[in-house]
Every structure is written in C-alpha cells, then in structure tokens.
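There are 2 protein chains.
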Amino acid sequence: MTLMKDAKAGLTEDLEKIAKMEGVDPEKLRRSVAEGRVVVPLNPIHAPRLVGIGSGLRVKINVNIGTSPDHIDQEEELEKTKIAIEFGADTIMDLSIGGDIDQIRRAILKTIDVPLGTVPIYQAGLEVAKTTNGAVVDMTEDHIFNAIEKHAKDGVDFMTVHCGVTKESVERLKRQGRVTDVVSRGGSFLMAWILHNDKENPLFANFDHLLDLARKYDFTLSLGDGFRPGCIADATDRPQIQELILLGELVDRARNADVQVMVEGPGHIPLHQIQTNVQIQKTTCHDAPFYVLGPLVTDVAPGYDHIVGAIGGALAAYYGADFLCYVTPSEHLALPTLDDVREGTIASKIAAHVADITHEIDLGQDLAVSKARKNLDWETQFKNVLDPDKAQRYRTRRMSTEDGVCSMCGRLCAIKMVKQYLDDDKPMRGKDTE
Amino acid sequence: MTLMKDAKAGLTEDLEKIAKMEGVDPEKLRRSVAEGRVVVPLNPIHAPRLVGIGSGLRVKINVNIGTSPDHIDQEEELEKTKIAIEFGADTIMDLSIGGDIDQIRRAILKTIDVPLGTVPIYQAGLEVAKTTNGAVVDMTEDHIFNAIEKHAKDGVDFMTVHCGVTKESVERLKRQGRVTDVVSRGGSFLMAWILHNDKENPLFANFDHLLDLARKYDFTLSLGDGFRPGCIADATDRPQIQELILLGELVDRARNADVQVMVEGPGHIPLHQIQTNVQIQKTTCHDAPFYVLGPLVTDVAPGYDHIVGAIGGALAAYYGADFLCYVTPSEHLALPTLDDVREGTIASKIAAHVADITHEIDLGQDLAVSKARKNLDWETQFKNVLDPDKAQRYRTRRMSTEDGVCSMCGRLCAIKMVKQYLDDDKPMRGKDTE
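Line by line, the protein sequences are chains A and B. Positions 1 to 434 (our numbering) are the ones given, in order, by the first sequence. Positions 1001 to 1434 (our numbering) are the ones given, in order, by the second sequence.
Written as structure tokens, this is what we have:
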C-alpha cells in the first residue's frame, strides 16, 4: 500500500487531519491526493508531520541546506534546519555534497519533524568520482538506484530525480544555443553521463524500476528540471519545455503506479513569463503539484537573490505554483550561512503568504496586525508578524518619546491624529505636536 | 513658459537628451510630455539632472529621507541622499518634520543633482502647531500656500499636494468603516483640518491658485493619495477610488494650465488587485504617470517591508506604474538608518529593473552577468551587478579551494561540469572531483 493508493480507496485519518489543518473539505482533499493534484511526502520510516502540497492548499516552502566540498560542518547544517523550521519552512532538502553524506542525512532525519527531501544522484556520482581516477560519468545504473534505495531506507520523504534529462532533450539543448547551458547540479551529472556513455538516462530508461522503489518505500518523486534556465535569456526555451513534456508523461505513469509525484520548475524567468510557465506545467503535467526554485526575475542582483526570488515566487504561487524553494542572499556566490538561511526562509515565507492572501487563505493574520496597528497596540502586532524579534529590535533601536507611536512620524503620527478626529473629535494642541 | 508648454510648442534640447538616454524616439517623447503621459520634474532654480517619468520610459525610483521629531541629524539625512543616489535613486523626497526644516531642505538641494520632492503641508501644519496652544488644524490657507511658494523658491522640483482629501471624499471615508482609516501623514492633516474647520480643503478649493504657483515656478505636481489604504483589508475601497476620480479631474485641469502632474497611489494592496489599481489610475487620470508607494502586498512582515514592497512594486511597474517609492526594512517601525536606506533603495531598484525587463528595456545588463556567469568570470559579473561590494563580500566570505567556482557546489559546479562536455569533451577525474 502507498499513501496514494490508500487515498484512492477512501478517506484516511491522516487526510482528515490535513483537511482540518488546511480548512478544506476532507473528501475533496482525498480526491486531490488520489488523482495526484496534492501530494503528502511521507516515508513511513521517517513519519514526519503531515504536509499537504498542491491545489487548494496553503502554499508551502522548502529550505535547502547541506555541506559543500569546501565547507563541511554537520552541526551548522543541523542548526540551519532549526532556524528554517522556526521561521516557517514546511520541508527541508539536504543537498550535502561534502563530508560523510550518509551520517549528515541520518542526523537530519533524526532531528527534524518536517518531510526531508534529497537528490540521491549527488551521492551516486560523488562516490564513484572519489575512487582512483574515477569520474561522475563512471556511475553505473546500480550506483544510481542503490543510492536511491539507501535514502529510502533511511526514511527520506521525497527525492529529486532528473528523469527528463534524456538523449532527446540533450539534443534539443545542444541545438538551442543557450547562454548558460545547464545550471542544475543533477542535470549536469546526467547530461555528462549521457554524452560520455552514449546511453539513455537510467532514471528515464528504468523509470518503472524507480516506481517500484517509490512504491515499496512510499516516498514521493520530485521530477527534477535538469534543464531549467540559468538566466533570463534562456527562459522558457525549447529544451526547458521539452523536458517538461517528458516529465508530464512520467507523471501519468507514476500516478498509475500509485506513486505520488510533483514536478520541479524554474529557475530564471522574467516576470512576464511566469504565468505562462505555471500554466504550461499545469497542462502538460495534469495539475501535478508545481515546485519552483524562485523563480528569479533578474540576473543582476547577487547578494539580494532572496528578494528577487520572493518577487518571482509570490507571482508564481499566485498563478498556481504550489511549493516554493527558498533562495538565500548568498545564491550564486557562496554556501549560505545561518543568517542567509533565516533571511531566505522569511523572504520565501512572505512570497507564499502573499499568494495565500490572493487565494483568500490566511487573511486573519494580516487583519490582526492591521487592527493592532490602528490601535497602536504593539504587543499584538509583534505577536502576529513573521519575525517578532526583528520587528521589536527595529522599533526599539529608535524609540519615540511619544507614547504609542513609532519614531518615523513621532508625534505627527497619522493614525493618532485621525483617531482624535474620528473617535475623540479634538485636536492635539501646542506642545503635544512639537 | 513651463517645460510642458515648451514641449507643446516643439522639441527642446532637454527632451532630445532624455530621448537619447532612454533610447526612445524624441518626437514621441515630446508628444508624451506635451500630453502629460511623461513628466520631467525640473524646477529651473534647482536645475537637477534630467529625469523623465512615465509611459515608455525606464521605471524610476524615489527615496524618501528626512528627520522626525524624535531624530534630527542633518548630516545623516545628507548621507542618506548620497547612499540612495549611489544605489540608483532617480529622485529624493525630503519628508523632514523635525529640526530646522528650511535649513535641511536647502542643504539637500545644494547637495543633490537629482530632482527633489517635498510635502509642504507638513511644514505649514508644524509651524502653526508650534505656536502657543496651536494645532495643525489652525493652519490658514495662507500658511499652506506660503509653504508651497517657499519650497518653490528654494528650487523644489516636485511637490506632493493632497488635493483629493475633500469634504466629499471625507464623507465617503466615514461611511466606509475602514480598519486603519487614514495612514497618510498629509492626508491626516487635511482630513483633520476639514473636519475641524468645516471647510473645503484649500488645495482643492483653490486649485487654480496652486496651478498659478506651479506655472510660475515650473514645479511638478504630485497629487497625493491621502486616503490610500493602510492595510490589505482596506485596499481598493470606495474612499480610495473616490479620491482617485477627484485627482483625475485635477489632472485634466493641470494639463490645460501647462502644469506637469503625476498621481500618487497605494499603499497596501493584495497582489491580485495590483493590475486593477494600475488600470483604474490610468483610465481615470488619462495616463498620468503613476507613482506608487510599494505597494505592500501583506501586513505581516514589518522588518521586511522592503521585500514586500519589491514584490508589489515589480508587479505594479510591470502593469504600467511609472515611478516606485521605496520602502525600507524599518517601515511601520522606526525612522530608517543609513543601512535601511541602502537596503530599501536596492530592493526598489530590483523591482524597477525587473519590470523594465518585461518591457524589453535594459536587458543588456542581465545578459552581461549571465555570460560572465557561464564563463566563471567573476570580475565582469561584479562590474554589472546592482551591489558589487556585497556580492564580492559574500563570495569571499566563503571561498572555494577550486578555481573559478563558488563555495556552494565547489568542485561539483554544474557550469564547470557541463563546460567540459559541451566545450572540452572530457570529464573531471579522480581528485578533481573530491
């Protein structure tokens, strides 16, 4: 049995709980899970908290953490997961490629209660490349599928698999003449592998075997976009859409096999192409949950890509993207620090919330803040904002000598002045105003 | 003569220069200025650099600075203008309400070469309120118009005038039952004044006199939105749209008097109402340049309102807003610091640039960064990004031991791996990969 098969059979306790958390009709949610418009990444070995991702639900956010060959510190990565979850991460992905990857992944799984995602191809490629004179392209099919099964046995809840990097899409990529070619790490592994070995991508050629594993361990597939555009100039081009078409066909096959599946998307996309990107994913992939990275709507703001990603993410989620992967200020520059993780998580959370508002979800929090603002009730404001500590720190850094107001307008606070006329009907006089 | 009257008569040297800077047809630009779809705020006494704002041109950004009663430091405000202009501010507004306002304004005008805007009603209200037992509502018409003329004589290039806060719109506001009533400082002054004195807003009642002053000194009017919504729940409501209709009629009158005019807009607006807000401003105000504050697309993120404003601003500008007023991380909490000004300016610049990309303006910068990224050419990247110092600082904070790449993926850089296959056709082997 898988969670999807269960949902096809009837309402379950877990689905009822999710429906309650999301404020949606349980039967409608059950149908969405059964038909694949909603996924619930949940490997029974890990058994994380229930997180529904997809149509009609709150927009969810993912936070990537993980070591690099240049920076290996397990404790720091664990601390990152804590910060991310504190500020609203719905899931974590461990993208570690430095140090003892197995140990790090297992430590994270033990620590976090949210679903964990991984990209097993990293480990498969790395382990082969580590051997004497080895290279990523020397991976065998066994290396790839063994890594996937190892992650599944550890309890990983969802895995990115770059099944759409195929001989066909590689040819399209070569003919395209891109500015930045391939920027997906997994995509680059598989494209190199296909070109070097002149063979089809094992994740595509043996997709049925992948489905067997996913069904056996009940993890969710996240179909990676190895050919996502790496810059504005490459956005929405033929290799990107070719890969999406291939992924759409695999979505159908996964659903028929009772395997939950979502689809990953760009990447670098100018603002006016975001709606198109969401629509074409939804049509070609039969409304599979759409998991986007950013999207980043300009290339010129390294150091501020969390803001760039929040702009793109808010708009993508408004148009129907279901799941936003955060971007940190250090994107394109360095492995993120703890501060970067916090800034990135909050920026992504803002984007998700902004889209929820447009879908008339979670309006209460904004109203609570606004009413408190009107009443100059700072305590209630701080209780309802995304980062109470920062808000309080900013307010107290420069306090007003006047009660209730902030130091921006001080005694000339518009809210206070209007209150006196609409509510009290008498003006501030003399010293009160200077 | 005014700049607008000149443009009605024929092409001028200044308009040719602007057309060249913007890469647009000079005659088309001339018509846009003559018909009011583009404004060039330029008081001949100040004679700032040429900045065109409106249809078909690059999106411009404004940075607010200024003292508050609680924090008065002229040097800091001057430093803010420097930082703002360094990071791309096209105009500055001095909103000072603390200390010697005249002196601060004059110092700023002497320092900056970009157009300066002010809100003279602040000074008018303050000076009356400072007198024994005085209150803002004791302002006379003379106080108001004298303040405007003083600013004009100093060389202020554009002025916010809250002409749409009228007896009619105040009644509409009262009937609306808003959550946050009035959050515009100038709007609150004038609403209080109307209610206290039971008289019409002098800026509305004597609009022809205002036009006389604007024509005499050739400053640009920025019609303020005193009833802009102060929270998501109040967005796009009747008082807001009522005020906009009144402003639209005043736009026609200003143009007939050869006075340049733009229209200010919200404020707090959920993402899905931004298109509507831009469209209704453009229709009711006959395509007058639209100057928006944010818009802020959620109320729950104080401390991060520069990100919230960048989301709203990018989308507003994509739909046709011409001029973005920045928002800093300290919005709703405190008077901004120097750091806040920098963060706010860059966030706003990102929003403007993101919209320019959608209008096929300024694509070259993104392409230059992308090509450099592909070539792992960091120097060229840093030359073309919005904040080279921050980007460099982030990169060097955690360097990779590997040449060319960054510490995020280190030796497993996707770009490097793909380069080897597409360009060099040989894999990294052995120690190169670990």
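Glycine included, C-beta positions come from ideal geometry on N, C-alpha and C.
D1208(B) sits exposed, since fewer than 16 C-beta atoms from the chains shown fall within 10 Å of its C-beta. In this structure, DSSP gives H272(A) a helical state, which the three-state scheme calls helix. Nearest Cα to D377(A) within the set Y319(A), V137(A), Q273(A), V405(A): V405(A). I53(A) sits in a strand when the DSSP states are folded into three classes. As summarised for the region 1181 to 1207 of chain B, the continuous alpha helix (DSSP H) elements at least 4 residues long and confined to that stretch are 1185 to 1197, 1202 to 1205, given in chain order. Using a Cβ distance threshold of 8 Å, T140(A) and G98(A) do not count as a contacting pair. For G224(A), no CB of chain B lies under 8 Å from its own CB, so it is not counted at the interface with that chain. Membership of N1064(B) in any alpha helix (DSSP H) is not indicated; the residue belongs instead to the beta strand (DSSP E) covering 1060 to 1065. Residue pairing by DSSP places H1071(B) opposite S1068(B) in a beta bridge.
In the three-state DSSP reduction, V156(A) falls in the coil class, being neither helix nor strand. Interface residue (Cβ-Cβ distance to chain A less than 8 Å): A1084(B) is not classified as such. Along the region 396 to 424 of chain A, the positions whose C-beta sits under 7 Å from a C-beta of chain B are R397, R398, S400, T401, C406, S407, M408, C409, G410, R411, L412, A414, I415, M417, V418, Y421, L422, read in chain order. Interface flag for D299(A) against chain B is set, since a Cβ pair is found closer than 8 Å. Taking each of R238(A), V156(A), Q123(A) in turn and checking the Cα distance to V170(A), the smallest one comes out for R238(A).
Annotation for A1214(B): L1221, V1259 place their beta carbon closer than 6 Å to its own, counting only its chain and skipping 5 residues before and after. Within the same chain, no Cβ atom closer than 7 Å to the Cβ of E86(A) is found once the five residues on either side in sequence are excluded.
Fewer than three beta-carbon pairs drawn from the region 367 to 383 of chain A and the region 1032 to 1048 of chain B are found closer than 8 Å, and the two stretches are therefore not classed as touching. By the rule that beta-carbons nearer than 8 Å mark a contact, C231(A) touches chain B. Counting along the chain, F1382(B) sits inside the alpha helix (DSSP H) bounded by residues 1378 to 1384. Three or more beta-carbon pairs drawn from the region 403 to 422 of chain A and the region 1171 to 1189 of chain B are found closer than 8 Å, and the two stretches are therefore classed as touching. Excluding residues up to 5 positions away in sequence, Y1319 lie with their Cβ nearer than 6 Å to the Cβ of Q1275(B) in the same chain. Linking Q1242(B) to R1172(B) through their CA atoms gives a straight-line distance of about 8 Å. Within chain B, no residue has its CB atom less than 9 Å from the CB of H162(A), the nearest being about 11 Å off. Y319(A) has a beta carbon lying at 8 Å or more from every beta carbon in chain B. Boundaries of the alpha helix (DSSP H) around Y1394(B): 1388 to 1397. Among the bridge pairs identified by DSSP, D94(A) is matched with I65(A), T118(A). L324(A) and F158(A) have their alpha carbons spaced roughly 15 Å apart. When the Cα atoms are used, I148(A) and G117(A) turn out to be separated by approximately 11 Å. In terms of CA proximity to N1043(B), V1156(B) leads the group T1401(B), Q1176(B), V1156(B). Secondary structure note for Y1291(B): it is in no alpha helix (DSSP H), and the uninterrupted beta strand (DSSP E) holding it is 1290 to 1293. In the pairwise beta carbon analysis, the region 386 to 396 of chain A is classified as touching the region 345 to 353 of chain A: at least three pairs are separated by under 8 Å. Under DSSP, no beta-bridge partner is assigned to S400(A). Note that the region 263 to 273 of chain A touches the region 281 to 295 of chain A; at least 3 beta-carbon pairs, one per stretch, sit closer than 8 Å.
A direct Cα-to-Cα measurement between I1061(B) and A1089(B) gives close to 6 Å.
Here the region 1097 to 1114 of chain B makes contact with the region 1076 to 1083 of chain B; the two share three or more CB pairs at distances below 8 Å. DSSP places S32(A) outside any beta strand (DSSP E); the residue lies instead in the alpha helix (DSSP H), whose first and last residues are 26 to 35.
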